[in-house]
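Participant: Sharing a structure with you now.
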Amino acid sequence: MAKKGELSKTARASMAQRDDTNFATDRICEQCGERIMLKELMPVKVVGQGMVYYHKNHFAAS
Numbered sequence: 243m244a245k246k247g248e249l250s251k252t253a254r255a256s257m258a259q260r261d262d263t264n265f266a267t268d269r270i271c272e273q274c275g276e277r278i279m280l281k282e283l284m285p286v287k288v289v290g291q292g293m294v295y296y297h298k299n300h301f302a303a304s
């Protein structure tokens with residue numbers, strides 16, 4: 243168990259795996275049809291259709 247002021251074992255592992263690189267994903271934006279960079283990815287769950295992906299600024303605009 244983590245001591246006061248420390249991260250848990252799971253949180254420490256999650257922080258270690260976090261990668262600051264921004265790379266192109268295989269996801270395609272529903273609005274513009276272009277590939278989405280990781281930091282711009284906005285996954286949205288649509289009932290009956292499943293997951294749909296947008297650029298963050300495209301989703302905010304719609």
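Sequence positions in the sequence shown follow my numbering and run 243 to 304. Each residue gets a CB set at the ideal place from its N, CA and C atoms; glycine is no exception.
Which first and last residues belong to the beta strand (DSSP E) in which G247 is found?
Facilitator: Note, G247: premise wrong, no beta strand (DSSP E); not H, not E.
Participant: Count the other CB atoms within 10 Å of the CB of R254; is the residue buried (16 or more) or exposed (fewer)?
Facilitator: Exposed.
Participant: Let's see if you can read the secondary structure: which residues bound the beta strand (DSSP E) around K287?
Facilitator: Unbroken beta strand (DSSP E) run through K287: L283 to V288.
Participant: Buried or exposed for E282, please, with buried defined as at least 16 other CB atoms from any protein chain shown within 10 angstroms of its CB.
Facilitator: Classification for E282: buried.
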